[in-house]
Amino acid sequence: MKKMTKISVLILMMAILLMGCGKSDANKADTSLQDIKDKGSLVLGLDDAFPPMGFKNDDQEIVGFDIDVAKEVANRIGVELELTPISWDAKEQELATKHIDCIWNGFTKNADRESKMALSIPYMKNTQVAIVLTDSGINTLEDLAGKTVVLQNASTASDAMDQNEEFKNSLKELIKVDDNVQALMDLKVGGSDAVVMDEVVARYYVEKEQGTYKVLDTTLSEEEYVIGFRKGENALTEEVNKHLKDMAKEGLLAEISEKWVGKDLTIVE
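For the sequence shown, the positions run -24 to -1, 1 to 245 when mature numbering (1 follows the signal peptide of the UniProt record, and there is no 0) is used.
Structure representation (C-alpha cells):
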C-alpha cells in the first residue's frame, strides 16, 4: 500500500512538472518584432543575382522588386533595411542561426517550408518555365528531349523538374549551377539548350535583351512567393503582413510590380 502511495505521489509530481513546463512555453513572449525595433534594422537575406527580385545593378547597388517592397515595409516598421547576400542553398541555415532576420527574395511557399518557418501571406504569383534562345528552333518542352537543361541549385526550378519526371528523364543532361546569371551565360555560349527558371525572371531577361530569348508556353509548375521568418516569430510576421496589405490597398505593390516586370503580378488582398 505504501509502495502504491509513493508511486502515485511520484506520478502526480511529474504531471505537475509537465504542466508547469507547458505553461512556461505557452506564456513565453514573442519578442520578434520588438527585437527588430530595438536593434533598429531588419536583416534581409537574398540571392543578389536574381533579377528582377533582387540583384546588383551596374553601380553594384542591390535593387529589385523585393528590395523596393522591403524598404517600404522596413520604413513603416521604423527600422533600417540591411541587405545581406547569402548562398541560396544555405538560406535556411542562415535564418536559423540568426545571421539574417528573413528570407525575402522570390521565396516560394511549400509544405516543407510551412512546417519549418513562419511564412508571410503570399504576395506574388509565379510559374516555372523554360527559356531558350530565339533562334534555337526549340518551341515546346518536347523539343528538349535529348538536350541539355540547366537550372539553379536548391531552387524551385529544381523542385519543378522533380515533379515532372517524364520531362526530366527525356533530357540528355540536367546541370545545376549557383545562380540564374550563370545558367543564362551557359545557354548563351552553347553549354546548354534551355534554362528552367521563375517566369518573373525569364520575362525580365526577355524584355532586357530583346530578340535574344523566348519563353516556352508550357509551364512546369505554379507557385506563390512569400517571406520566410523563424518558426514562432509570429509578431514580426504579422507586422509585415499588415504593411503588405496596406501597400496593396494603396496601389503601391501594383506600382512596384509594374516598374520591374511590366504588369501587376501581386496577389495581396
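Glycine included, every Cβ here is placed at the ideal spot set by N, Cα and C.
Every value quoted in this text rests on a predicted model; they were computed, and no experiment measured them.
Under DSSP, the beta-bridge partners assigned to P61 are L22.
A170 carries a strand assignment under DSSP once its states are collapsed to helix, strand and coil. Relative to the Cα of P28, the nearest Cα in the group E215, D193 and M100 belongs to M100. Here V19 is actually not in contact with D65; their C-beta atoms are around 19 Å apart, not less than 8 Å. The closest CA to that of G227, considering only W236, V244 and A211, is found on V244.
Annotated three-state conformation of Y99 is coil, per DSSP. For the segment 88 to 169, the continuous beta strand (DSSP E) assignments of 3+ residues that do not extend past its boundaries occur at 93 to 95, 100 to 109, 124 to 128 and 149 to 153, in sequence order. For T84, no alpha helix (DSSP H) encloses it; the enclosing beta strand (DSSP E) starts and ends at C78 to T84.
Minimum Cα-Cα distance from A121 among the listed residues S168, S91 and K218 corresponds to S168.
For I114, the closest alpha carbon among the candidates T242, V39 and L192 is that of L192. Beyond the five residues adjoining it in sequence on each side, L196 comes within less than 6 Å, by CB distance, of Q104, A136 and N140 in the same chain, given in chain order.
Each of Y189, K123, F26 and D155 was checked against the Cα of F143, and the nearest Cα belongs to K123. Of the residues assessed, K67 falls on the buried side of the cut-off, its CB having 16 or more other CB atoms within 10 angstroms. In the three-state reduction of the DSSP assignment, T213 falls in the helix class, which pools H, G and I.
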